Amino acid sequence: MSLTLDRLIPPALQDRFIDEADRLTPDNPTDVRSVAAPHVGPFDRPELVEIFSELADR
Numbered sequence: 451m452s453l454t455l456d457r458l459i460p461p462a463l464q465d466r467f468i469d470e471a472d473r474l475t476p477d478n479p480t481d482v483r484s485v486a487a488p489h490v491g492p493f494d495r496p497e498l499v500e501i502f503s504e505l506a507d508r
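So the mapping is simple: the numbering used here equals the position in the sequence shown, first residue as 1, plus 450.
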């Protein structure tokens, strides 16, 4: 998940982490969802509930 309003881990650094993870696991690429939320306290966001629900159904 990419938190686009994160000031602790900026989106560019998040993208780097994702790219590095994908290089290490090329057969299991990261499924990234962007959410306009900060680093701390984003868990009351409806879009996060939807993402977590979808992941739980997999």
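Note that CB positions come from ideal geometry on N, CA and C, so glycine has one too. Keep in mind the model is a prediction, meaning the values are calculated, not measured.
Beyond the five residues adjoining it in sequence on each side, proline 476 comes within less than 7 Å, by CB distance, of no other residue in the same chain. Cβ neighbours of isoleucine 459 within its own chain (closer than 7 Å, five residues either side excluded): His489.
A distance below 8 Å separates the beta carbons of leucine 455 and alanine 487. With a threshold of 16 other beta carbon atoms within 10 Å, leucine 453 meets it and is buried.
Assigned with DSSP and collapsed to three states, leucine 505 falls in helix.
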